[in-house]
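Below: the structure, in structure tokens.
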Amino acid sequence: MLLGKTNDLLVQLGVAVQKQKDAEHDGIEVLESGLESNDNLMSASKGESPADLVLEEDKDLPNDSDPSVQSSDLLAGQRQYNSVIHSIEESITEQPATLEGGELRPYQVEGLQWMVSLFNNSLNGILADEMGLGKTIQTIALIAYLAEKKNVTGPHLIIAPKAVLPNWANEFKTWAPKIVAILYDGKMDQRKAMRKKYLGEGKFSVMITHYDIIMRDRLYLNKIRWYYMIVDEGHRLKNHECRLAKTVKDGYQIRRRLLLTGTPIQNSLQELWALLNFLLPTIFNSVQNFEEWFNAPFADKSDISLTNEEQLLVINRLHQVIRPFILRRKKVEVEKFLPTKTQVILKCDLSAWQKVYYQQVTELGRVGQDTESGTSKSLQNLSMQLRKCCNHPYLFVGDYNIWQREEIVRASGKFELLDRLLPKLEKAGHRVLLFSQMTRLIDILEIYLQLHNFKYLRLDGSTKTEDRGTLLKQFNAPDSPIFMFLLSTRAGGLGLNLQTADTVIMFDSDWNPQMDQQAEDRAHRIGQKKEVRVFVLVSVGSVEEVILERAKQKMGIDAKVIQAGLFNTTSTAAEDRKEMLKEIMRRGTNSFGTDVPSEREINRLAARSDDEYRMFELMDEERRQRESYRTRLMEDHEVPEWVFSAARAEKTKEPEPDSGFFTGKRKRKEIVYSDSLSDLQWMKAVENGEDFTKLTARSKKKETLAPEASEFTSETAESLISEESSEVYTEQAPKRLKIVPLKFTSPVSESGSALRGDGLTRKTYKRKRLTAIISDGQGQGQGQGQGQGQGNQTPNGRGSGWI
Ligand SMILES: Nc1ncnc2c1ncn2[C@@H]1O[C@H](COP(=O)(O)OP(=O)(O)OP(=O)(O)O)[C@@H](O)[C@H]1O
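So in this note's numbering, spot 771 of the sequence shown is number 759, and the numbers just go up one at a time.
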């Protein structure tokens, strides 16, 4: 019965699609947000069920939903639906003549044919090839083809993340130099000058710009009658639910739309809705109507929860609807000669300092840092604080000891690991992309790289558009001496071509694995000649392991496309994460493990050949000798005494200032990232119809706040953005650490004022740790935690010890 109903719906949807195609003819689609056009015959108003959407005259059309048809051929609806969508066919065997920069791969020609088919059939689509398979080039091919064969010369509007604008401009220059493609960005007066220059019909074919400008210059840009609107990295549409989609389109005059994304996960109703709204705006023009469409077969049993089978059916139906509009090819299928990508998870121990902070966060809800200011900062976000502990304790303490060559390494397990790994990678001739979500961590890394004479570049949300292109060129130049590229995951993860690197280090992982995958695939793309190795750094037994585990699950889900359970909209990802975090807080440091790989194991994981392995082993031995076999991670006795202190004042506050995590209430904080506005600011502005210039000014003010103040609460973000969106981190470094050597001054003497307060002291901390070790009986914390100052390694080679 359910299958029959699905079939029925598909037939009706096919009719609706046909109607949309007919209604459009070649007319301009004017999308008025919130308005339901009366002209639009297929727009569904509230309360209309799919059946209602079939117009009077359609009722005479031959209809496969006839019960007799259903019983004999349940797939008829799908076939009919598909044939309606690509009814006009055009075969393309060679690339357009104006596409001069190279030869399209056969699958790219097929992609072009598919996009032309959508064009011929007056429909919109999503090109969702895996990252690095050439979506940019295929899109340029489409634009060239339309100009050559269909006399459609634009103007087309390409909207992409700011970071990839230069990439688009370069690809146009390389592949289709005859097409006038302009990069529309810059300060207000620069844009004004550009508008003047390009005013008038036919002065350009393609305008490339980013989301922010679309909003800011809407008044000018919406006067242009655009042919194609192409949204690159269109998964941003999903993150913003339909609001972004609506705003991007709102009031713009566009005929066709093409969305490009390498990560088209479709695991929530909102995401699917956003995609469908993009593809079939006149049919799926409200979430409610969308839900009605897909819940219709179950309407008569609304009080009964759906069985798994039924849920799967609903999901399956959604996919049937979307499938003809999405083209996705995978690297393994089409780029057989692309070298492989291997992901290696490298677990790191934590230094004694990191452990103290981690414990303070889980027990007190904050760290007692008490440096020059003499105040402890309260937590804005527990999971964020834990993750900071995992990255580097200096994230809490400003410039303290920052220019000390040894300390900067000894203080963090991940730095300690990097300090062993990087020289090997450099010597073996590998080139590295390192991604982190925290720009302040990248500041610290920069100092480390300077102290250790590694040549590097850096790109984050604050990098100007004009500088981004230069940086990419510098890094990708033949024989470039640059060894490393430090990138913030948000700004550098999308769209960049960095295939001259063959190693990726994910310093920290995002809750949303798609973000990480995007980042990894900067190196794993056409043009890559070597095997790509991705190292994911994870602090053992910490919140990061949970994130990783969750990421694995989610990727599994992605592989299977979607699972029924995800349609359970009552349990949100935010709630799940909250539960998870509660558990992490309860566990505290008790789950710190010891399954850190030995140096030899790391070498095995890192080496790409036997020769490399032998070289790595040798390098380790030389280093150990150089260091006289000293432990490499900071031990208890080295942790500054003031680290143990926690401000009494804050502890006595009731309730704990940032305990919204437990109470469900949170202060809302925003950060500025990527482009000049944060997503949250952007979205709120969209909702409220605010003035973007003011907002940008406001966001600039925020940049001057202390780093902590500009951090974002993930839970808030989640509830406001979408269930699947990841935590958002500061992209425009709020306060770059001074990259000038500082004189070391101990912020607080051992016996000094920092010891005031009744927080954790080194003694109590040690006592607690000892209790934990005895109680779980597993020798937890062995390695760095014990054997202070003896300079010896643990016998099992764990922690910072040797093999
Ligand atoms: N046919 C081709 N011949 C040579 N190089 C190509 C070809 N197609 C794509 N490339 C190159 O492959 C790289 C990846 O292409 P592109 O950036 O278009 O991929 P993408 O699918 O848009 O990736 P992402 O999803 O990460 O943005 C680019 O450097 C591009 O120049």
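A virtual CB, placed ideally from N, CA and C, is assigned to each residue, including glycine.
Is it the case that the CB of residue i approaches a heavy atom of ligand 1 more closely than 7 Å?
| i | result |
| --- | --- |
| L486 | no |
| G190 | no |
| E91 | yes |
| G483 | yes |
| L187 | no |
| G120 | yes |
| G480 | no |
| I196 | no |
| E159 | yes |
| G250 | yes |
| I314 | no |
| I125 | yes |
| R614 | no |
| G515 | yes |
| Q96 | yes |
| D117 | yes |
| D509 | yes |
Measure how close the beta-carbons of residue i and residue j come, nearest whole angstrom, since I'm counting them as under 8 Å.
| i | j | result |
| --- | --- | --- |
| L129 | L87 | Note that residue 129 corresponds to Ala in the displayed sequence, not to Leu. That pair is a contact at about 5 Å. |
| R393 | L439 | 5 Å |
| V194 | I167 | 6 Å |
| E508 | K319 | Going by Cβ atoms, the distance from E508 to K319 rounds to 12 Å, so no, they are not a contact pair. |
| G113 | L267 | 7 Å |
| A164 | I196 | The Cβ separation is near 13 Å, so there is no contact. |
| G480 | L447 | 5 Å |
| D583 | K402 | The Cβ separation is near 16 Å, so there is no contact. |
| V420 | I493 | 6 Å |
| V332 | R521 | 6 Å |
| G250 | Q506 | 7 Å |
Name the two residues that bound the continuous beta strand (DSSP E) containing residue i.
| i | result |
| --- | --- |
| Y444 | 444 to 447 |
| R245 | 241 to 248 |
| I114 | 113 to 115 |
| F632 | Segment: none, F632 is in no beta strand (DSSP E) and carries neither H nor E. |
Can you give me the start and stop residues for the alpha helix (DSSP H) that residue i sits inside?
| i | result |
| --- | --- |
| T491 | No alpha helix (DSSP H) contains T491, which is instead part of the beta strand (DSSP E) from 491 to 494. |
| F471 | Taken as a continuous stretch (DSSP letters only), F471 belongs to no alpha helix (DSSP H), as it is neither H nor E. |
| V140 | Run containing V140: none; DSSP gives neither H nor E here. |
| V104 | 94 to 108 |
| R612 | 598 to 614 |
| R588 | 587 to 594 |
| L397 | Note that residue 397 is Val in the sequence shown, not Leu. Segment 395 to 398, the alpha helix (DSSP H) holding V397. |
| N389 | N389 -> no alpha helix (DSSP H), and no H or E assigned at all. |
| D504 | 501 to 508 |
| E91 | First-last for E91: undefined, no H or E at that position. |
Within 8 Å (strictly less), CB to CB, does residue i reach chain B?
| i | result |
| --- | --- |
| L621 | Of the protein chains in the structure, only one exists, and it is not chain B. |
DSSP on residue i, reduced to helix/strand/coil?
| i | result |
| --- | --- |
| G2 | helix |
| F325 | coil |
| Q373 | helix |
| R478 | helix |
| Q331 | strand |
| S788 | Low per-residue confidence applies at S788: pLDDT is 28, beneath 50, and the placement is therefore not dependable, though the value from the model is reported in the following sentence. Of the three classes helix, strand and coil, the one that applies to S788 here is coil, per DSSP. |
| S424 | strand |
| R538 | helix |
| D52 | In this prediction, D52 scores a pLDDT of 35, lower than 50, which makes its location untrustworthy; the coordinate-derived value is nonetheless stated afterwards. In this structure, D52 counts as coil in the three-state DSSP scheme. |
| R311 | helix |
| L525 | strand |
| K7 | helix |
| I80 | coil |
| V584 | coil |
| I147 | strand |
| V531 | helix |
| V520 | strand |
So within the stretch 165 to 229, which uninterrupted alpha helix (DSSP H) runs reach at least 4 residues, ignoring any that extend past its ends? 176 to 185, 199 to 204, 206 to 209, 223 to 227
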